[in-house]
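Each step along the sequence shown adds one to the number in numbering that gives the first Met the number 0, with nothing skipped, and position 14 is 13. To keep things clear, I will list the structure first and then write my remarks on it.
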Amino acid sequence: MPPHVKAIIAPLLAILLISCDDGTGYYREKINELVPIGTTEQVTLEEVTGIGWIYTYDPLDNSYLVYDPKQNENTFVRVGIKIYLDDQRKVKNINIRSFANFM
């Protein structure tokens, strides 16, 4: 491939990869809208279950793993939301990750 073609393709490929949404965008907006940092544990669980999401508690790192069961319609990508609590049982951090599902 000629060098000038590589010079054109490389930046375009980088832009495509950066602008690609891995599925976390919607969930990041939704969880930040529902559960801002500093929200109490009780309010957090009410908000999460109020929209039909399910959760499990992880006592090892004082956090909740939150999951939207409607994601089952999408068989390729799953988004996991982990909500960490501080010593006062308030939200201190939210981690959102996407997982590829090849099953």
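Note that beta-carbon positions come from the ideal geometry of N, C-alpha and C, so glycine has one too.
Closer than 8 Å to chain D by CB, residue i
i: Glu-28; result: Note that chain D does not occur in the displayed structure, where there is just one protein chain.
Simplified DSSP state of residue i, which is helix, strand or coil
i: Asn-92; result: strand
i: Val-47; result: helix
i: Ile-36; result: coil
Range of the contiguous alpha helix (DSSP H) that encloses residue i
i: Leu-33; result: 23-33
Endpoints, beta strand (DSSP E) assigned at residue i
i: Ile-53; result: 53-57
Whole-angstrom distance between residue j and residue i, CA atom to CA atom
i: Asn-31; j: Tyr-54; result: 16 Å
i: Asn-92; j: Pro-2; result: 46 Å
i: Val-78; j: Arg-88; result: 24 Å
i: Asp-86; j: Thr-43; result: 15 Å
i: Leu-33; j: Ile-7; result: 42 Å
i: Phe-98; j: Ile-80; result: 11 Å
Beta-carbon spacing of residue i, residue j below 8 Å
i: Leu-84; j: Glu-45; result: no
i: Tyr-56; j: Tyr-63; result: yes
i: Gly-51; j: Pro-35; result: no
i: Thr-38; j: Val-90; result: yes
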